[in-house]
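Trainee:
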Amino acid sequence: MRETVCVIGLGYIGLPTSMLLAKHGFKVVGIDVNPQIVNGLENGRIHIEEEGLSGIFAEVRQNESFRVLHEPCPADIFIIAVPTPISENRHSNLDYVISALRSITPVLKKGDLIILESTVPPGTTSDIVAPMLLRAGYDAGCDVFLAHCPERVLPGKIVTELVENNRIIGGYDERSSERAAALYRSFVKGEIITTTATNAEMVKLMENTYRDVNIALANELAKVSAKIGVNALEVIHLANKHPRVHLHSPGPGVGGSRRSCSHRRGGACRPPSSAELPTFRRSSRCFRWTARCCCLAATCRCRFSSRAI
Ligand SMILES: NC(=O)c1ccc[n+]([C@@H]2O[C@H](COP(=O)([O-])OP(=O)(O)OC[C@H]3O[C@@H](n4cnc5c(N)ncnc54)[C@H](O)[C@@H]3O)[C@@H](O)[C@H]2O)c1
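All letters in the sequence shown, in the order written, are residues 0 to 308 by numbering that gives the first Met the number 0.
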């Protein structure tokens, strides 16, 4: 019998993931708290623009392997893909994750698999999610399976990258890793690598930190180059002739899913002119923030201190 997957949060991550699972043999139920999203999808309207997505949406609607609801229903697998923004005091806001978890606990049953895809600070799965499940009567690793499987897709190419990118599967325990890996094997062509949930959270944090630091470095280089009258792109090209140097191109800076809008306008891909630089994110601030985040991640399990990108 086909397994049912309930995907909580139908945004840039949740919707394409739902589409691919529905295309690859699962019965998928998508849940979103935004009634406009649910009503739109019910009526055949897709709210995000991603290459290849509308074609799959038409296909999975036609064969009835995807439907949408306002609230979670019983399923075999739950995927949480809700936002994890940074709050005013620069701490990671896990309210959406907590609320998504609360919404699934009434419909959970023994043997279900819960996957957290949202970007979260290291320690979240074991120190926040597992205890919440336990309070609801489900011991992770015994009664239910639990994993953190972070996303590393590029907006604009999400469908392709979901299939082709390598995937880190962070299980709460080994059996959870195996169950989650089996799900992703259904549509992922990249390598599937299993590890612990906290490792996976730290991997994602470091991937984002690496991008953040290197994008900031390229933007600082562009600013300095404009000031002293050298061509930043030529400098980058020449520096990258070094076998162990890989400078990025200057751009509008890092961001969350909203960056996909600038990406579509060509913002993220196009090197800035010096006239545009003042409107871009202050990359030096980004450096300071990243350094702080790295320290926190290294010295404590910076549950509320890392930034979700
Ligand atoms: N977009 C990206 O490129 C990208 C890449 C890697 C990781 N991520 C991470 O993936 C996660 C999701 O990001 P996104 O870009 O898909 O966000 P998004 O804002 O596009 O979508 C999230 C959706 O979740 C819904 N939602 C919020 N709370 C809910 C709840 N309790 N129940 C049901 N639905 C709920 C919202 O209405 C929204 O439609 C975040 O943690 C983000 O950091 C995103």
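Heads up, the beta-carbon is just placed ideally off N, CA and C, and yes, glycines get one too. In this text the structure is predicted, and so the values were computed from the model without any measurement.
Along the chain, where does the alpha helix (DSSP H) that runs through residue 210 open and close?
Mentor: Segment 196-227, the alpha helix (DSSP H) holding residue 210.
Trainee: Taking 7 angstroms as the cut-off, does the CB of residue 76 come closer than this to any heavy atom belonging to ligand 1?
Mentor: No; taking the cut-off as 7 angstroms, the Cβ of residue 76 has no heavy atom of ligand 1 nearer than that.
Trainee: According to DSSP, is residue 77 helix, strand or coil?
Mentor: If DSSP states are grouped into helix, strand and coil, residue 77 belongs with the strands.
Trainee: So, residue 29 versus residue 14, is the Cβ gap smaller than 8 angstroms?
Mentor: Cβ distance < 8 angstroms, so residue 29 and residue 14 count as in contact.
Trainee: Any contact between the stretch 168-182 and the stretch 120-131? By contact I mean 3 or more CB pairs, one from each, below 8 angstroms.
Mentor: As far as the Cβ criterion goes, the stretch 168-182 touches the stretch 120-131, which means the pair count is three or higher.
Trainee: To which residues of the same chain is residue 189 closer than 8 angstroms at the C-beta, ignoring the five residues directly before and after it?
Mentor: Excluding positions up to five away in sequence, the list reads 162, 163, 164, 165, 166.
Trainee: Roughly how many angstroms lie between the CA atoms of residue 39 and residue 66, to the nearest whole one?
Mentor: Going from the Cα of residue 39 to the Cα of residue 66 covers about 12 angstroms.
Trainee: Quick one, which of 73, 120, 19 has its alpha-carbon nearest residue 197's?
Mentor: Looking at the Cα atoms, 120 is the closest of the given residues.
Trainee: For the candidate residues 71, 54, 83, whose alpha-carbon lies nearest to that of residue 37?
Mentor: Closest by alpha carbon: 71.
Trainee: Could you check which residue in 160, 195, 91 has the C-alpha nearest to that of residue 114?
Mentor: Cα-wise, what sits closest to residue 114 is 195.
Trainee: Mind checking which residues open and close the beta strand (DSSP E) that includes residue 186?
Mentor: Per DSSP, residue 186 belongs to no beta strand (DSSP E) and is neither H nor E.
Trainee: Does the stretch 216-227 come into contact with the stretch 127-143, if we say contact requires no fewer than three beta-carbon pairs (one atom in each stretch) closer than 8 angstroms?
Mentor: No, because fewer than three Cβ pairs between the stretch 216-227 and the stretch 127-143 fall closer than 8 angstroms, the two stretches do not touch.
Trainee: Determine the extent of the alpha helix (DSSP H) in which residue 22 is found, giving its start and end residues.
Mentor: Per DSSP, residue 22 belongs to the alpha helix (DSSP H) from 13-22.
Trainee: Quick one: is residue 183 near chain B, going by C-beta distance under 8 angstroms?
Mentor: Looking for chain B here will not work: only one protein chain is present.
Trainee: Any heavy atom of ligand 1 closer than 7 angstroms to the beta-carbon of residue 185?
Mentor: Not under cutoff, so the answer is no.
Trainee: Relative to the C-alpha of residue 209, which residue among 182, 245, 110 is closest?
Mentor: The option with the nearest alpha carbon to residue 209 is 245.
Trainee: Is residue 168 helix, strand or coil by DSSP?
Mentor: Looking at residue 168 - three-state DSSP - the assignment turns out to be strand.
Trainee: Whole angstroms are fine: how far does the CA of residue 26 sit from the CA of residue 1?
Mentor: So the alpha carbons of these two residues sit roughly 7 angstroms apart.
Trainee: Would DSSP call residue 107 helix, strand or coil?
Mentor: Three-state result, residue 107: coil.
Trainee: Closest to residue 184 by C-alpha separation, out of 8, 5, 16, would be which residue?
Mentor: Taking only the C-alpha atoms, the option nearest residue 184 is 16.
Trainee: When the distance is taken between beta carbons, is residue 218 closer than 8 angstroms to residue 249?
Mentor: Yes, the Cβ-Cβ distance between residue 249 and residue 218 is below 8 angstroms.
Trainee: With a 10 Å radius around its C-beta and 16 neighbouring C-beta atoms as the bar for buried, classify residue 258 as buried or exposed.
Mentor: Caution applies to residue 258, whose pLDDT of 41 falls short of 50 and renders its modelled position unreliable; the model cannot decide the point.
Trainee: If you run the structure through DSSP and keep just helix, strand and coil, what is residue 236?
Mentor: Correct three-state label for residue 236: helix.
Trainee: At a threshold of 7 angstroms, does residue 38 count as lining ligand 1 (C-beta to nearest heavy atom)?
Mentor: It does not: the Cβ of residue 38 is nowhere closer than 7 angstroms to a heavy atom of ligand 1.
Trainee: Where DSSP assigns a beta bridge to residue 29, which residues make up the other side?
Mentor: Note: residue 29 sits in a beta bridge opposite 6, 67.
Trainee: Take residue 101 as the anchor and find which of 205, 82, 134, 33 has the nearest alpha-carbon.
Mentor: Closest by alpha carbon: 134.
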